[in-house]
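Taking the working numbering, I'd label the letters of the sequence shown as residues 306 to 592.
The beta-carbon is built from N, C-alpha and C at its ideal position, and this holds for glycine as well.
Just below is one structure, and these are the notes that go with it.
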Amino acid sequence: MSSGYYTRAAAVASRLLAARAAGAAAEKALWEKAQNAAARLKTADEAHDRGEIRTAVHLYVRLAMSRPPNESSLAAKDRLGTLADEAHAKQAAIDATLAHGEPSPGEWFVNQDDPQVVEHLATWKTTVESAFEKYQRLVSDYEVVPSLGGKLKTHVDHQRRKPAIAMVLNEPEAKTLLETGLAHEAAGHHCCAYWVYRQAVQLAPAPSATKAKARLEIVEKVPHIEALAAACREMQRCHQIYARAERALPVNPDRARELFAEVTRRAPADSEVCRAAQRHLDQPATQ
Ligand SMILES: [Zn+2]
């Protein structure tokens with residue numbers, strides 16, 4: 306995967322995961338340290354004021370569920386209502402950053418040498434990436450507020466599908482696929498290029514998806530491409546089965562033999578993967 310949104314998003318995600326694990330431990334300690342419901346409510350309020358929203362939300366949810374209902378559990382419920390409003394306000398603020406500066410569809414594929422257009426697209430890219438980092442944080446912080454349910458995540462998914470946004474977020478993956486396809490073509494593997502381009506096209510309207518579509522239309526004109534592509538896919542499956550067989554070999558030799566046999570039935574007899582599978586089958590089952 307090339308650098309860009311996905312790499313950064315992955316970094317953000319792994320930071321969130323680490324923070325989450327640390328948060329869960331801290332949460333437990335806070336919960337146990339507080340001697341009673343009132344103290345726990347205070348602990349949650351303090352976490353919220355420190356900006357540790359996720360921790361605060363978890364503590365409020367636990368308190369709100371405590372039985373029998375008491376002054377603190379009712380207060381916690383109340384706080385959760387306020388937090389839902391807070392989440393909505395934050396979501397609206399992020400939405401607002403995306404409401405302006407969207408490029409016009411005509412601009413997406415225009416002359417990349419026009420400095421004004423280049424600048425506009427670069428600014429838009431930064432806007433989208435920064436908004437989606439904030440969305441990710443928002444979902445992580447507030448996802449367990451009961452009245453919000455899955456609504457935050459649904460909203461973010463909806464935003465992600467808007468063309469001007471998908472154009473930015475899908476581009477790194479589309480670019481990688483396009484480059485892979487071009488490399489396959491250069492090596493004369495039109496069948497492999499065919500599948501990769503078909504995958505890339507799904508990422509429209511990313512600019513590289515559009516370029517992949519144009520390449521796909523050319524590859525589709527290669528004689529017998531459909532048969533070649535089908536054989537290519539079958540071969541890829543054979544390689545996957547072979548890999549599974551190798552993994553099964555030390556733990557379940559019988560299963561491994563079944564899988565090697567499947568490879569010899571499916572792969573062309575003169576293929577390397579078929580011969581390798583046959584060699585495994587020819588070996589006496591010693592272990
Ligand atoms: Zn192929």
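Alpha-carbon to alpha-carbon, residue 437 and residue 519: 30 Å
Taking the alpha-carbon positions, what's the residue 306 to residue 337 distance? Model confidence at residue 306 stands at a pLDDT of 33, short of 50, so the residue's coordinates are unreliable and nothing is read from them.
Within 6 Å: the Cβ of residue 543 and any heavy atom of ligand 1? no
Per DSSP, what kind of secondary structure is residue 386 in: helix, strand or coil? helix
When you compare the CB positions of residue 565 and residue 585, do they come within less than 7 Å of one another, or not? yes
Answer yes or no: the CB of residue 537 versus the heavy atoms of ligand 1, is any distance below 6 Å? yes
Cutoff 6 Å; reference residue 309; Cβ partners in own chain excluding five residues on either side: Confidence at residue 309 is low in this model, with a pLDDT of 46, below 50, so its placement is unreliable and the value that follows should be read with caution. For residue 309, where only same-chain residues beyond five positions count, the Cβ hits under 6 Å are 477.
Measuring alpha carbon to alpha carbon, tell me which of 504, 479, 556, 569 ends up nearest residue 546. 569
Which of the three DSSP states is assigned to residue 561 in this structure? helix
For the alpha helix (DSSP H) containing residue 350, name the first residue and the last one. 342 to 354
Is the beta carbon of residue 482 less than 7 Å from the beta carbon of residue 505? yes
Who are the Cβ neighbours of residue 592 in its own chain at under 7 Å, not counting the five residues just before and after it? Only weak support exists for where residue 592 lies, its pLDDT of 48 falling under 50; the value from the coordinates is given anyway. Only 558 meet the Cβ criterion.
Distance check for residue 469 and residue 407, CA to CA, integer angstroms please. 6 Å
Is it right to say residue 513 is buried, meaning 16 or more other beta carbons lie within 10 angstroms of its own, or is it exposed? buried
Can residue 319 and residue 342 be called in contact, C-beta distance under 7 Å? no
Exposed or buried, residue 445, counting other C-beta atoms within 10 Å across all chains shown (16 or more means buried)? buried
Return the chain-ordered list of same chain residues with a C-beta closer than 7 Å to the C-beta of residue 561, the five sequence neighbours on each side being excluded. 550, 553, 554
Rounded to whole angstroms, what's the CA-CA distance from residue 525 to residue 531? Just pull it up for me. 8 Å
For residue 577, the nearest candidate out of 563, 588, 541 (CA to CA): 541
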